[in-house]
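For the numbering used here, count along the sequence shown from 1 and bump the result up by 194.
Glycine included, each C-beta is placed from N, C-alpha and C at the ideal position.
Everything numeric in this text was worked out from a predicted model, so none of it was measured.
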Amino acid sequence: MSKNQRRVYSTDQGKICPDCNQAQSLCQCAALKKKELPQTDGVVRVSRQTKGRKGKGVTLVTGIPLPELELKALAKRLRNQCGTGGTVKDGTVELQGDQCDFLLRELPKQGWVVKRSGG
Ligand SMILES: [Zn+2]
C-alpha cells in the first residue's frame, strides 16, 4: 500500500456540528462556548471574604467552568445543602457565612478539583 492512496475525508459541506447540526463553517457553538465559559485552570477555589461584609462574611467559589445557567443551578443546590442564602456574580458563587469546610467536602464529590485560597 502506498501513502499516496490515503485519502483525506471531506465533503462539500465539511463536518457537521453534532450540537446544532450546521456545517462547522457556519457553526457558532465553539465561539458561544468560549464566550460563555470563564477562563479557568480547572481548579475551583474557595475563599472567605469578610471585608466590607456584615457578620460572618461570605464564602466565594471561583473558577467553576460552567456556563452561567448551570452555575446558577449549582449555586442553588449548594444554597439548599448549606441552608443559606447566596448568589452568582460574574461567574463567582457567593454563599452567606463560612461554608468553606462544607464546600471543600462537597465539591470534590461532584467531580471538581477544589483548593482553599486566601484566609
Ligand atoms: Zn454547532
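Hey, how far is the Cα of residue 252 from the Cα of residue 310?
-> In a straight line, the C-alpha of residue 252 is about 14 Å away from that of residue 310.
Using a threshold of 8 Å, state whether the C-beta atoms of residue 259 and residue 291 are closer than that.
-> The answer is no: Cβ separation not under 8 Å.
Straight-line Cα distance separating residue 208 from residue 300 = Taking the CA atoms as reference points, residue 300 sits about 43 Å from residue 208.
Reduced DSSP category for residue 247 - H, G, I as helix; E, B as strand; rest coil = DSSP places residue 247 outside both helix and strand once states are collapsed to three, so it counts as coil.
Cβ-based neighbour list, residue 282, same chain, cut-off 8 Å, excluding 5 preceding and 5 following = Contacts found: 262, 265, 266, 269 and 288.
If you drop the 5 nearest sequence neighbours on each side, which residues of the same chain put their C-beta closer than 8 Å to that of residue 308?
-> The residues are 237, 238, 239, 240, 297, 298, 301 and 302.
Taking only the alpha-carbon atoms, compute the straight-line gap between residue 196 and residue 211 and give it to the nearest angstrom.
-> Summary for residue 196: the model assigns pLDDT 49, below 50, so the residue's position carries little reliability; its value from the coordinates is reported in the next sentence. Their Cα atoms are separated by approximately 32 Å.
Three-state secondary structure assigned by DSSP to residue 266 | Residue state, collapsed to three classes: helix.
Return yes when the C-beta of residue 213 is under 7 Å from any heavy atom of ligand 1, and no when it is not.
-> Answer for residue 213: yes, Cβ within range of ligand 1.
Whether residue 279 touches residue 273 by CB criterion (8 Å) | Yes, the pair counts as a contact, with Cβ atoms nearer than the cut-off.
Run through DSSP, which three-state label would residue 304 get?
-> Residue state, collapsed to three classes: coil.
Out of curiosity, what's the CA-to-CA distance linking residue 213 and residue 305?
-> Each residue's Cα considered, the two are about 24 Å apart.
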